[in-house]
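Residue numbers (the UniProt record's numbering), protein chains in the order written: chain E, 1 to 326; chain U, 1 to 401.
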Amino acid sequence: MAAEKMALAKAINESLRTALDADPKVLIMGEDVGKLGGVFRVTDGLQKDFGEDRVIDTPLAESGIVGTAIGLALRGYRPVVEIQFDGFVFPAYDQIVTQLAKMHARALGKIKLPVVIRIPYGGGIGAVEHHSESPEALFAHVAGLKVVSPSNASDAYWMMQQAIQSDDPVIFFEPKRRYWDKSEVTKDAIPSPLHKARVVREGADLTLAAYGPMVKVCLEAAAAAQEEGKSIEVLDLRSMSPIDFDSVQASVEKTRRLVVVHEAPVFLGTGAEIAARITERCFYHLEAPVLRVGGYHAPYPPARLEEEYLPGLDRVLDAVDRSLAY
Amino acid sequence: MTVESTAARKPRRSAGTKSAASAGAKRTGSAAKKSPGTTGAEPELVQLLTPEGKRVNDATYDPYVADITPEELRGLYRDMVLTRRFDAEATSLQRQGELGLWASLLGQEAAQIGSGRATREDDYVFPTYREHGVAWCRGVDPTNLLGMFRGVNNGGWDPNSNNFHLYTIVIGSQTLHATGYAMGVAKDGADSAVIAYFGDGASSQGDVAESFTFSAVYNAPVVFFCQNNQWAISEPTEKQTRVPLYQRAQGFGFPGVRVDGNDVLACLAVTKWALERARRGEGPTLVEAYTYRMGAHTTSDDPTKYRADEERESWEAKDPILRLRTYLEASNHADEGFFAELEAESEALGKRVREVVRAMPDPDHFAIFENVYADGHALVDEERAQFAAYQASFADAGEGK
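The following block contains the structure:
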């Protein structure tokens, strides 16, 4: 099968379609996922083709969506639920953290919870409050959950396939501002393992590690740095739980410098954990402390301020410069 | 017949009688209208056996227990006595330091045995943490329930072995799991039903309200069985609701009925009615079993701080076991030999529970890392290895001495 260029949202749509086709136990659930196809049209056309019994418009109650998905999983189904926006997930937080994440362990492994929770996340689209958040660390902190985020259409397609096949609950963060970015998808390729990071640009002087929407920003920063004679490696982490520390370590042992970039607040974020672990693993390789670029310890600001809050090209390059100055 | 063999037996067919299709739906509405609020006079409720042990007729629910045999009646009595005996033994084991905590069901035996015996083998039960009587009816070995209270696991049984889900401690959460499970049953085209247990305190939880919404919208085959035992730790039902709880169902578009939760026959009949509605595709039902928590919330609780002895005494007169015994004796359904035999069986059960709990080993240290994920996780593997190295360092030190 030839490679096909498609938008990230379309790649997820195709992946869901493939899964619905392949396994009658796969269900789609969420608010407005049916006729409307979701507010981002990620589930466009699926209800028409697979019926209301498999692509289910739910009441507007997030705890109810996840709680009933757990029950359906216990019955043998593989629900893929959509939370409409990042800031709307918290009514379901109890069901996710207290029930979904722990149930397999509580039953000493005798039951499985193959539930995928899709969450469009992150800012940069000029949205109103509660529509631009990056809560991935709040989920990665919870044992029993797996947390991933694709940065491009091909990963979006394959990582969704793998998330649905996983017997563990997966929180699938979709970079909403990249939904319309197109790239090539090959549907008969052999995908990388779900939780493996990938070097998306080779470099020698410093490693930029990012995931989801920030991979593109980091690639742009690396290209800009190249013009100044700096060779930057960019690592797409892809998974925030587990984190592929081996790949980060391998890159840092080569470049000796690391900057982690995410939209989520820096404080106690994914970058903090990576900084701590890489400091332990690579103490004698590092030429500079691990730096982090991300959101501030403040509520996500109004849209007119979000460009100041979100890590952009210049803030990433500023961190690159600070690291290289050590 | 030994305790072991009967406890492990699965219910083949619910106790009582064959089905009495489609009766009753109208009646619940009328009960709802006449009922008083949560305080004051005795509320109107479905009752088939008075506190004095007298059988009273109810045109709607009689058919569900019409041809119950004396043997089945004795079975219900036996279930309640053994459940109470098990519960008392667990309380004692907590006092002896063998369990960290125990949540007693004392006083709620009829609600649990009646509803539990109404279920079929292929039905699925989602309990709170107090459904020891329902577990008994499902054939769960009672000693399996004690692991989490002893602290050797956080649940530990296979829910699919007896279609009895793990105990759920965060109140109300399981009503959504039950609803989702029931949605799955309907998708599968099966005629099984699902029953979700919760209490008067949990009725205030958003998850319970959401489960009512979802089950009504999807017409899910689920019975919500609320044991209103009057107390949520120290808070009386008046702190949870301004209307009788069963009336909440009306606003969601399905029937609610209040049953005498200390009347095992009525609980059996009403639950069978509700389960059969679910099987016929008529959707959810709320059953409020009006009962009383005779003991403390848990062994850590002290009810003398918030409720009067007189209240408990007034409920002792409505004891679920006493009234069935009176009825069995008055109708010559059970003789002295039966009661004596049951007494001996109770003591044997207590002894077995004691022995099993005392012999229950602490889990292996590495159990911390077991079953965190079904497909594994690199961080868990890494931390397990670190833990192993740390443990091994003590072994080396010991050898050096």
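Note that CB positions come from ideal geometry on N, CA and C, so glycine has one too.
Since this is a predicted model, take the numbers as computed values, not measurements.
Interface flag, residue i vs chain E, CB-CB below 7 Å
i      : result
U:H132 : no
U:P284 : no
U:G253 : no
U:V170 : yes
U:T128 : no
U:T91  : no
U:N154 : yes
U:E383 : no
U:S173 : yes
U:G29  : With a pLDDT of 38 at U:G29, under the threshold of 50, the predicted position of this residue should be treated as unreliable, and no value is reported.
U:L99  : no
U:A374 : yes
U:L166 : yes
Nonlocal neighbours in the same chain, by C-beta distance under 7 Å from residue i, ignoring five residues either side
i      : result
E:L100 : V66, I70, L113, V115 and P169
E:Y296 : P265 and Y309
U:L245 : D200, S203, C226, N228 and E288
E:S192 : R198
U:K318 : P51 and N262
U:P159 : H165 and L166
E:L74  : I111
Own chain, CB closer than 8 Å to residue i, minus 5 neighbours either side, in chain order
i      : result
E:A224 : L313 and L317
E:V215 : S151, N152, V200, V234 and D236
U:R74  : L328, H333, A334 and F338
E:D94  : S63
Residues bridged to residue i [DSSP beta-bridge criterion]
i      : result
U:Y181 : Bridge partners of U:Y181: none, in fact.
U:G199 : U:Q227
E:Y93  : Answer by DSSP bridge pairing: none, since E:Y93 is not bridged.
E:L258 : E:T207
E:V80  : E:I28 and E:V116
E:F173 : E:I119
E:V39  : Note: E:V39 sits in no beta bridge, so no partner.
E:K187 : Beta-bridge pairing links E:K187 to no other residue.
U:T285 : U:V223
U:L49  : U:R55
E:G295 : E:P265
U:V125 : U:F164 and U:I195
U:E276 : Paired residue(s): none; U:E276 is not in a bridge.
For residue j and residue i, believed in contact at Cβ under 8 Å, the rounded distance
i      : j      : result
U:V170 : E:T98  : 5 Å
U:N371 : E:G109 : 4 Å
U:G147 : U:G133 : About 18 Å separates the two Cβ atoms, so there is no contact after all.
U:V357 : U:E98  : 5 Å
C-alpha distance - residue i paired with residue j, whole-angstrom precision
i      : j      : result
E:Q249 : E:E273 : 13 Å
E:G269 : E:G124 : 19 Å
U:K34  : U:E44  : Here the model assigns U:K34 a pLDDT of 37, short of 50, so the residue's position is not dependable, and the following value carries that caveat. Answer to the nearest angstrom: the Cα atoms are 7 Å apart.
E:D321 : E:I12  : 36 Å
E:H195 : E:A92  : 24 Å
U:W273 : E:F85  : 42 Å
E:L286 : E:A275 : 11 Å
U:S92  : U:F149 : 13 Å
E:P175 : U:D362 : 46 Å
U:D302 : E:I164 : 48 Å
E:E280 : E:F245 : 11 Å
U:P101 : U:T299 : Strictly speaking, residue 101 of chain U in this sequence is Leu, with Pro absent from that position. Approximately 6 Å, taken between the alpha carbons.
E:H130 : E:M29  : 21 Å
E:K5   : E:V42  : 16 Å
U:Y77  : U:R277 : 27 Å
U:V321 : E:S166 : Sequence inspection shows Ile at residue 321 of chain U; the Val mentioned does not correspond to that position. Answer to the nearest angstrom: the Cα atoms are 49 Å apart.
E:I119 : E:K10  : 15 Å
E:A222 : U:Y373 : 37 Å
Residue i at chain U interface by Cβ criterion, 7 Å
i                      : result
E:A105                 : yes
E:A210                 : no
E:D167                 : yes
E:T68                  : yes
E:Y93                  : no
E:A61                  : yes
residue 327 of chain E : Residue 327 of chain E is absent from the structure shown; chain E starts at 1 and stops at 326.
E:K112                 : yes
E:A19                  : no
Own chain residues within Cβ distance below 6 Å of residue i, not counting five before or after
i      : result
E:D23  : none
U:G350 : R85 and E89
U:R130 : A103 and L105
U:G253 : A216
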